[in-house]
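In my numbering, the protein residues as written are 1190 to 1587.
Here a beta-carbon is modelled for each residue, glycine too, at the ideal position from N, C-alpha and C.
Computed from a prediction, not measured in an experiment: that's the story for all the values here.
Right, one structure below, let's go through it.
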Ligand SMILES: [Zn+2]
């Protein structure tokens, strides 16, 4: 499971020796051959780029060996059906190697630099919630963390959740009613203890969404015992057995997560729809979205998962362009004035631009709503001309 610490290590990485190689490879789950061809091509082109870089002989040799090593380990991997893409970050000169198997598709590419190309990974991670799963009955509890398709049990949680069992004092509890009271008191104490433990995990940042697994009506009772701030992050209660296996728990979580994401997606798309209809703070269609990117105005970008479209991108700053005909002069970047190049898919560049503007990116899994928004749409921060109007108003006032 990818931890925040690992992501930070990648973000802050700066090679003192050797070069940093970042590889994203889309694994077509049904076709190992096409993936193998793709990795061979990527490595071949990377070796060409490498020979054009101004680096010393020893460094070049070690980078070439590393590329071969990455290629061979990808070719040797016969389990691509378990994931949709991989990300590799490697610098053999500093003995740094990380490989992540990813549950969604990314665009294949290989980048050689002194730092790692982490942005696609960060975009992907930000689209996923870290989900805490608590399984609870009247005496025990277990806790799991689920992130980007992986599950991890926190073993210490179930030990800590064992409340010190005070024996029932028969002498004082002769009547059945008193016994029942005592039992209820124990469950209540157990719930409070588990709710406290969850609060601690939540405050440590171990999860930002929560699912409860418990028999009815225990789950609903426990939900009421939660730390109040956690209520809004509770996305589901499932009747799963406390002894369930990890695979079963993961499947339950993924199905609740999918439903939740779908709900959130529809909420966002409807909001965009409303805003565009009243010419408010949203735009739809590739042309308008690219204009918003050029205005540094993207706040939340929604894009159909399989949407691609040719276009242009700046060779220097990477700014996407819908067409090469711009007021600044044909083929010039509107942002920095450098030369534009034609690309077969500009949508990916829009996602990159959005991420660099700290916008939230949501890949939408084919709903009718995103199709009616021309496959790409965004909430924007500023409407064109609003500040000019504001200043004019101030000037006429004074
Ligand atoms: Zn530019």
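Report the CB separation of residue i from residue j in whole angstroms; it is logged as a contact under 8 Å.
i            : j            : result
residue 1461 : residue 1501 : About 25 Å; that fails the 8 Å criterion.
residue 1482 : residue 1539 : 6 Å
residue 1509 : residue 1542 : 6 Å
residue 1211 : residue 1285 : Contact doesn't hold; Cβ gap of about 11 Å is too wide.
residue 1435 : residue 1344 : With 8 Å as the limit, residue 1435 and residue 1344 do not qualify as a contact, their Cβ atoms being about 12 Å apart.
Residue i bridges to which residues according to DSSP?
i            : result
residue 1473 : 1566
residue 1489 : 1549 and 1568
residue 1510 : 1501
residue 1343 : 1332
residue 1288 : 1277
residue 1229 : Answer by DSSP bridge pairing: none, since residue 1229 is not bridged.
residue 1215 : 1274
residue 1209 : 1302
residue 1528 : 1521
Return the chain-ordered list of same chain residues with a C-beta closer than 7 Å to the C-beta of residue i, the five sequence neighbours on each side being excluded.
i            : result
residue 1251 : 1207, 1281 and 1282
residue 1272 : 1216, 1290, 1291 and 1292
residue 1412 : 1401, 1423 and 1426
residue 1486 : 1569, 1570 and 1571
Can you give me the C-alpha to C-alpha distance between residue i and residue j, rounded to a whole angstrom?
i            : j            : result
residue 1441 : residue 1450 : 14 Å
residue 1406 : residue 1346 : 23 Å
residue 1276 : residue 1368 : 58 Å
residue 1204 : residue 1260 : 21 Å
residue 1299 : residue 1257 : 13 Å
residue 1415 : residue 1445 : 19 Å
residue 1294 : residue 1372 : 51 Å
residue 1390 : residue 1318 : 15 Å
residue 1471 : residue 1287 : 39 Å
residue 1419 : residue 1494 : 31 Å
residue 1244 : residue 1238 : 11 Å
residue 1328 : residue 1195 : 36 Å
residue 1453 : residue 1519 : 41 Å
residue 1515 : residue 1214 : 34 Å
residue 1394 : residue 1577 : 42 Å
residue 1349 : residue 1468 : 55 Å
residue 1417 : residue 1388 : 9 Å
residue 1192 : residue 1550 : 20 Å
residue 1232 : residue 1297 : 12 Å
residue 1254 : residue 1266 : 19 Å
residue 1303 : residue 1209 : 5 Å
residue 1465 : residue 1532 : 28 Å
To which residues of the same chain is residue i closer than 6 Å at the C-beta, ignoring the five residues directly before and after it?
i            : result
residue 1402 : 1324, 1427 and 1429
residue 1263 : 1228
residue 1583 : none
residue 1534 : 1497
Less than 8 Å between C-beta atoms, sequence neighbours within five positions excluded: which residues of the same chain meet that for residue i?
i            : result
residue 1313 : 1291, 1293, 1295 and 1337
residue 1308 : 1541, 1544 and 1545
residue 1248 : 1206, 1207, 1208 and 1282
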